[in-house]
Amino acid sequence: MRSKVEKPRGILNPKVAQQNFELSRHAPSPDLAFFVAHYWIVRWDLRGRAPYLSETLPHPSIHLVFEKENTRIVGIMTSKFSRLLEDQGQVLGIKFRPGAFYPFVKTRVSQFINRTFSVEDIFGADSQPPEATILALHDETQMVELAEQFIFQRLPERDETVEQVNQIIDWIKTNPTITRVDQVAGRFSMSNRTLQRLFNHYVGVSPKWVIQRYRLHEAADHLAEGSVDDWPQLALKLGYFDQAHFIKDFKTIVGKSPAEYAKQVSLPE
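Per this note's numbering, the sequence shown runs over residues 5 to 273.
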C-alpha cells in the first residue's frame with residue numbers, strides 16, 4: 005500500500021499556474037518509501053499560447069528529473085526555481101526525502117547545492133536512464149513504475165540517520181514558532197555545531213536555511229489564499245520580530261515584496 009502524498013507547497017501564483025500546467029504527485033511503494041518522498045509529473049500543452057514562466061520555492065530535497073534530452077540529478081536550489089514552459093511536454097521527477105540521497109553517494113550532500121549532474125555521474129557509466137521509454141508513456145502509473153524500477157535496482161543500504169534528519173525537518177515544518185537553530189538543537193538534545201554538521205553531510209543546506217524556507221512557504225501560501233490583513237501579525241507569526249527583516253527575506257527568495265506578490269496573486273485570472 006502506498007502512503008498518502010502531502011498537498012504541494014511552494015508553487016508561486018498557484019491559480020495562474022493551474023491554467024498553464026497539470027501537476028500530479030504519486031507516493032512511493034513501501035520498498036522505496038525510506039528514500040523517496042514522492043514522484044511528480046508535470047504536463048503542459050501551450051501550443052498556440054504564450055510560453056509560461058513557472059516559479060517554485062525550493063525544498064530541502066534532491067530530485068532525479070526525467071526530461072527529454074535533459075534527464076539529470078538536480079541538487080537543492082537555494083533560490084527560487086524558474087522554468088519556461090512552451091509548446092507541449094511532460095517531465096517526471098523523483099523527489100528524494102531530505103537526507104535520503106546521502107546513502108547513494110556517501111559524500112557531503114552540500115557539494116550538490118545549486119548544481120545539476122548527469123545520472124551517469126552519480127550512478128555510474130552503465131546507468132543510462134530510461135528517459136525515452138518513460139516520456140513516451142501516457143499512463144502515469146506505468147511511468148512511475150519504470151522510474152521506481154530504475155531506483156530500486158540501485159538502492160543502497162538504509163542509513164537510519166536519514167530518519168533522524170526527517171524527524172528534525174518534519175518538526176521544523178510543522179511548528180511555525182520555530183525560528184532559531186538553537187531551538188531545534190535543544191529539542192533534539194544536540195549542540196548547534198553537531199546539528200550543523202549533520203545537515204551539511206545529509207541535507208546539504210543549513211538548519212537556518214530550512215527554517216527560513218518553510219516560514220517563507222507559509223507566508224506565500226497565506227498571501228496566495230488572500231488571508232493576510234495584518235502584515236506585522238503575519239511577520240510575528242512566522243517568527244520575525246522585525247517586519248522589515250521579513251520583507252527583505254521574502255523579496256530575496258520570491259523576487260517581489262509581500263505586498264507586490266499579494267497584488268499579483270489577487271489579479272483576475
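Think of the CB as a built atom: it goes at the ideal place given N, C-alpha and C, for glycine as much as any other residue.
Between the alpha carbons of residue i and residue j, how many angstroms are there, rounded?
i: T111; j: V169; result: 16 Å
i: E229; j: S131; result: 43 Å
i: L220; j: L61; result: 9 Å
i: F254; j: G190; result: 27 Å
i: F3; j: E124; result: Since the first residue of the chain shown is 5 and the last is 273, residue 3 is not available in this structure.
i: D35; j: I173; result: 22 Å
i: P134; j: Q146; result: 12 Å
i: D91; j: R197; result: 48 Å
i: A129; j: L242; result: 46 Å
i: M81; j: R29; result: 20 Å
i: F116; j: I77; result: 9 Å
i: I126; j: Q171; result: 26 Å
i: V214; j: E264; result: 24 Å
i: I257; j: K84; result: 6 Å
i: K267; j: W44; result: 29 Å
i: K19; j: F25; result: 11 Å
i: P236; j: I251; result: 10 Å
i: P12; j: S195; result: 32 Å
i: D225; j: Q187; result: 24 Å
i: V269; j: P262; result: 11 Å
i: Y206; j: S33; result: 23 Å
i: L27; j: E144; result: 11 Å
i: V109; j: R158; result: 11 Å
i: K260; j: Q247; result: 15 Å
i: D234; j: E164; result: 43 Å
My assumption, with CB atoms under 8 Å, is that residue i sits in contact with residue j. Please give the rounded CB distance.
i: V113; j: G14; result: Not really, about 20 Å apart at Cβ, beyond 8 Å.
i: Q94; j: V40; result: About 19 Å separates the two Cβ atoms, so there is no contact after all.
i: L139; j: K72; result: 6 Å
i: L238; j: A223; result: 7 Å
i: L88; j: L57; result: 5 Å
i: G97; j: V69; result: 5 Å
i: S65; j: K99; result: 5 Å
i: P107; j: V166; result: 7 Å
What do you get for residue i, buried or exposed, if any count of 16 or more other CB atoms within 10 angstroms of its CB means buried?
i: M5; result: Low confidence applies to M5: its pLDDT is 47, below 50, so where it sits in the model is not reliable, and the reading given next is rough at best. Its Cβ having fewer than 16 others within 10 Å, M5 is exposed.
i: H142; result: exposed
i: G79; result: buried
i: G52; result: exposed
i: H311; result: No answer is possible for residue 311: the residues shown for the chain start at 5 and end at 273.
i: K177; result: buried
i: F245; result: exposed
i: L227; result: buried
i: T75; result: buried
i: A151; result: buried
i: A136; result: exposed
i: R101; result: buried
i: Q23; result: exposed
i: A21; result: buried
i: Q153; result: exposed
For residue i, which residues from the same chain have a beta carbon less than 6 Å from its beta carbon, with the 5 sequence-adjacent residues on both sides left out?
i: R162; result: F38
i: L16; result: E59
i: R119; result: G79
Shorter than 8 Å from the beta carbon of residue i to some beta carbon of chain B?
i: R191; result: You won't find chain B in this structure, because it holds only one protein chain.
Near residue i, what residues of its chain come up, given a Cβ to Cβ distance below 8 Å and the 5 sequence neighbours on each side ignored?
i: Q200; result: V185, S210 and P211
Can you list, in chain order, the residues of its chain with a C-beta nearer than 7 Å to that of residue i? Leave out the 5 residues immediately preceding and following it.
i: F156; result: D35 and L36
i: Y218; result: I176 and K177
i: H275; result: Lying before the first or after the last residue shown, residue 275 is absent from the chain, which here runs from 5 to 273.
i: T181; result: G243
i: F105; result: I66 and V113
Would the beta-carbon of residue i be found less than 7 Å away from any heavy atom of the ligand SAH?
i: L238; result: Judged by which ligands are present, the structure shown has none, so any question about the ligand SAH falls away.
Unbroken stretches of the alpha helix (DSSP H), 4 residues or longer, contained in the region 17–90: 18–24
message: Please give me, in chain order, every unbroken run of the alpha helix (DSSP H) with length at least 4 that falls completely inside the region 137–182.
response: 144–156 and 165–178
message: Ignoring anything shorter than 4 residues, give me the alpha helix (DSSP H) runs that lie fully in the region 215–267, in order along the chain.
response: 235–241 and 247–258
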